[in-house]
Amino acid sequence: MQQISVSRRGFIGSLGLVAGSMALPRMAWASAAAEARFPTVAGMLDGYVSSGKLPGMIAALGWGAREAPMDIARGTLAKGMAPAIEMDSLFRIYSMTKPITGMAAMMLVDEGKLRLDQPIADLLPAFGKMQVQVTPDGSMTDLCPARSQITVRHLLTHTAGLGYSIIQKGPIKDAYINAGLVPGQASRMRLPGMDAPKPLGSLAEFADVLATMPLVYEPGTVWSYSVALDLMGRVIEVASGKPFDVFLAERLFAPCGMTSTWFRVPESEVGRLTTNYAAVGGALLPIDPAKASIYLDQPPYPFGGAGLVSSPRDYDRFLRMLLGFGRIDGRQVMSEAAVRLGTSNLLPAGTDLSQAFIKGNGFGAGGSVGLSEDAGTYGWAGAAGTVGFVNYRVGLRAGVYTQYMPSDAYPVHREFAKAVLADVTGKKAAA
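Heads up: the sequence shown begins at 143 in the working numbering, then just goes up one per residue.
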C-alpha cells in the first residue's frame, strides 16, 4: 500500500553521518549513564512522547560486541495506557527482518549449500524461464524473455527484478495483490496494498505463484525494492532442508539468545506487545491494538522480508553478534567470513541505483552498506518507525523502536541517526 510504503531515505542516508564522522575513544562509552551520555537522543525521544506525537519510544545503544546495551525509554506500550515501554517490549520490526533473512542466507553460502551467483532455478526450477515487462509497471502482456537468471546475489540485494505490492503501480501491483503476493501483515482492518483476497498458504506456494508473474526489470540491472527477501525464505528452506522459521529459530535466534523474536506472538506475551498506529493528520489511529493484534495469529507463511516481531533487547543481540563478526557470549553463531561478506557491498557491477533509497551507498545481505567515507555501516529500517544498524569503524550498534505508519509521517529515522552522531562526537549534526 502506497500510504504504508516505507520511506527509508532519511534513515539510511543519515547512516553516512554516523559512519563518516565518529572518532570517539571507546572507553568514553562505558562511564556515564545512558541519558547523560546520550542527551540528544534522550531529548529526541522526549520531544516525540511529551508532545503526544507518539505514545512511546525506546533507544538501545551499545559499544562493541561485549558491552550490554544502554537504553533510553519514554512512554507506554499504547496511548494513555500502562505498562511503560522497556527493553523487553515487543515491536513489529517489519523490514528489519530483511537483514536477519540475509544473514541466514549467508550462513548457507558459507557452508557451500548456496553460492552467491548461483541461479535460484537450481533450487526452484519454476524461475528458470522468466519473462520481463517491456515497460516497468506497464502492460502485463507486453513481455520479453529474461536474458539472465535470477541469482542468490540478486535476491539479497533487491536486483532480481521482482515487484512489491507496496512499491509497484498499475496492473502488476493489482496482479500481485490478487494472487496473494502481499509483503506481510499489518492489521485485521482492510489496508490498501496489504490485503490479499486469497492468502497463500506456504512459502512453497508463494514461490510457485511468484514464478508466474513477469519481472519488472531484467535481473541484475536495477535496484528495486521487492519481495526478494521473502522469496529468499523459500530458497533457504530448499537449501537447508528445514522450514524457514525453524531454520531461523535454530541457527540464529537460539544461538544469539534472542528469546523474544517470532513471526507469531504467543498469547502469553501479549502484555509486552505495543499497539501500532496510523499517523494521520497529526492524529494517531490504532490499526493493530495489542490485545487483538493480527500478530497473535499464525501467519500464512513466514514473511522473510517483513514478518518478525522482536524486542529491543533481542535485536540488539543480533547487532552484537554482527559486531562480533558472528560471535556473541563466547559462541560462534556464524563465521567471521560470512559476516564480513554479508555486510559488504554485494551489488552487481553497473547496477542502476536511480530508485535506491540512498544515493552513494551499496547493498549487502538484506541491508544498506556504507561506502567510501561512510564505509563500515550496515543496517535497515522498518515500516513502523524502527531502525537498527551497526558501524564497524567505531564499534557502534544502535536501534530505535516505536510503532506508527507510514514511517515517513515523522522523520524519526533520520533524527535518530543525527542524534546519535551529535552525542557520540559532541558535535551538532547539520540539519
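Backbone N, C-alpha and C define an ideal beta-carbon position, used for all residues, glycine too.
Quick one: what's got a C-beta closer than 6 Å to residue i's C-beta in the same chain, skipping five residues either side?
| i | result |
| --- | --- |
| F467 | E478, V481 |
| A184 | E177, I214 |
| P431 | T417 |
| G521 | G509, G530, F531 |
| A420 | L427, I429, M547 |
| L166 | Residue placement at L166 is flagged as unreliable, the pLDDT there being 41, under the threshold of 50; the coordinate-derived value follows with that caveat. These residues qualify, in order along the chain: V566. |
Looking only at C-alpha atoms, which of the options sits nearest to residue i?
| i | options | result |
| --- | --- | --- |
| I308 | T299, A328, G217 | A328 |
| Q497 | L196, Y359, A434, F233 | Y359 |
| L495 | L464, H300, D252 | H300 |
| S206 | E392, L538, W522 | It should be noted that the sequence gives Gly, not Ser, for residue 206. With distances taken between Cα atoms, G206 lies closest to L538. |
| D264 | I292, A288, A247 | I292 |
| F395 | K340, D456, M355 | D456 |
| M229 | V274, T401, F499, R469 | T401 |
| L187 | I470, V554, S281 | V554 |
| L196 | V562, V542, V566, L563 | V542 |
| V351 | I436, W365, I319, S366 | I319 |
| I242 | S514, A564, V475, P428 | V475 |
| V364 | G305, N533, M249 | G305 |
| K433 | M223, G254, A523 | M223 |
| F405 | A420, Q440, E253, S382 | Q440 |
| R332 | S192, I436, R208 | I436 |
| G492 | G504, S486, R459, F499 | G504 |
| G312 | A246, A288, V324, M282 | M282 |
| G424 | A175, I200, Y190 | Y190 |
| M272 | T354, G399, D550, P444 | T354 |
| D516 | D550, L563, F389 | L563 |
| L323 | F348, I314, R330, Q260 | F348 |
| G217 | R208, K240, S192, A202 | S192 |
| E253 | S382, P181, T182 | S382 |
Cutting at 8 Å between CB atoms, please list the residues of its own chain near residue i, excluding the five before and the five after it.
| i | result |
| --- | --- |
| G244 | L298, L371, M374, G484, G506, A507, G508, G509 |
| A210 | G204 |
| R257 | V251, V294 |
| K221 | P197, T417, Y419, L426, P428 |
Among the residues of its own chain, which have a CB less than 7 Å from the CB of residue i, if the five just before and after it don't count?
| i | result |
| --- | --- |
| G568 | none |
| V276 | D284, L285, C286 |
| P385 | E379 |
| G362 | S290, H296, T301, P490 |
| P278 | V358, Y359 |
| M249 | R393, M476, A480 |
| G502 | L513 |
| R473 | P397 |
| E409 | L438 |
From the DSSP output, in three-state form, read off residue i for me.
| i | result |
| --- | --- |
| M400 | coil |
| P490 | coil |
| T218 | strand |
| F269 | helix |
| Y318 | helix |
| R234 | strand |
| L203 | strand |
| M223 | strand |
| M212 | strand |
| G189 | helix |
| I292 | coil |
| L357 | strand |
| V364 | strand |
| R179 | helix |
| R84 | Here the chain has residues from 143 to 573 only, and residue 84 is not among them. |
| P197 | coil |
| P278 | coil |
| D259 | coil |
Is residue i near the ligand PLP, going by C-beta to nearest heavy atom under 7 Å?
| i | result |
| --- | --- |
| G198 | By its list of ligands, the structure shown contains no ligand whatsoever, and the ligand PLP lies outside what it can speak to. |
Under 8 Å, Cβ to Cβ, is there at least one residue of chain D near residue i?
| i | result |
| --- | --- |
| V407 | This model lacks chain D altogether, as it is built from one protein chain only. |
May I ask you to verify whether the stretch 523–533 touches the stretch 544–556, counting CB pairs closer than 8 Å and requiring at least 3?
-> The answer is yes - the stretch 544–556 touches the stretch 523–533, with three or more Cβ pairs under 8 Å.
Cβ contact check for the stretch 448–466 and the stretch 220–240: 3 or more pairs under 8 Å | Touching, yes.
Along the chain, which unbroken stretches of the alpha helix (DSSP H) at least 4 residues long are found entirely within the stretch 472–556?
-> The stretch 472–556 contains, as complete alpha helix (DSSP H) runs of 4+ residues, the segments 478–484 (chain order).
Length-filtered (4 minimum) alpha helix (DSSP H) runs lying within the stretch 421–464 | If we require 4 residues or more, the stretch 421–464 turns out to have no alpha helix (DSSP H) run fully inside it.
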